[in-house]
Amino acid sequence: MRIALAVALILSAPPLALAAEAKPPRTAEGTILSFECGDNCYLTIRSGGRKLTGLCTAKACEPWNDETQIPKKLIGKAVRVTITQGKQVDGEGNVMGETDAFSKIEFK
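In mature numbering (1 follows the signal peptide of the UniProt record, and there is no 0), the protein residues as written are -19 to -1, 1 to 89.
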């Protein structure tokens, strides 16, 4: 009985590979350097002396993505971004892979 229970628990556990792939959200603070669009739109910030670029998926990105540009007055603004994983798509909407995404942007 104990062996059957142990086997059932092992079989019902999520695979380690899948558990290891999921990255927990993280945050970074910096200033907005640029915003560029092609098939996807990306925001670049300078944080701690290095550039961080992420797929712009935050609610704040919606009008920028629609217009494919960010208001010039936002360049240089201080922000805190939440970094998660986002899906990159090609011009036809096919998922091409995953990359870092800025899923939340807080202006400071």
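For every residue, glycine included, the Cβ atom is placed at its ideal position computed from N, Cα and C.
Pick from the options that is closest to residue i, judged by C-alpha positions
i     : options                       : result
Thr49 : Asp81, Ile56, Gly19 and Arg31 : Gly19
Lys58 : Lys4, Pro6, Pro5 and Gly11    : Gly11
Gln66 : Gly29, Leu36 and Arg31        : Leu36
Beta-carbon contacts of residue i that lie in its chain and below 7 Å, excluding the five residues immediately before and after
i     : result
Glu17 : Tyr23
CB-CB length for residue i against residue j, believed under 8 Å
i     : j     : result
Ile26 : Leu55 : Rounded, the Cβ-Cβ distance is 11 Å, inconsistent with contact.
Ile64 : Thr8  : 7 Å
Same chain, Cβ closer than 6 Å to residue i, neighbours up to 5 away in sequence not counted
i     : result
Thr34 : Tyr23 and Thr25
Residues of its chain near residue i, where Cβ-Cβ distance is below 8 Å and the 5 sequence neighbours each way are ignored
i     : result
Val60 : Glu10, Gly11, Thr12, Ile13, Ile26, Ile86, Glu87, Phe88 and Lys89
Gly72 : Asp20
Val70 : Asp20, Asn21, Val76 and Met77
For residue i, the residue or residues it bridges with in DSSP
i     : result
Asp81 : Gln66
Review point. Going along the chain, which unbroken runs of the beta strand (DSSP E) with 3 or more residues stay wholly within the segment 1 to 33?
Key: 7 to 18 and 22 to 28
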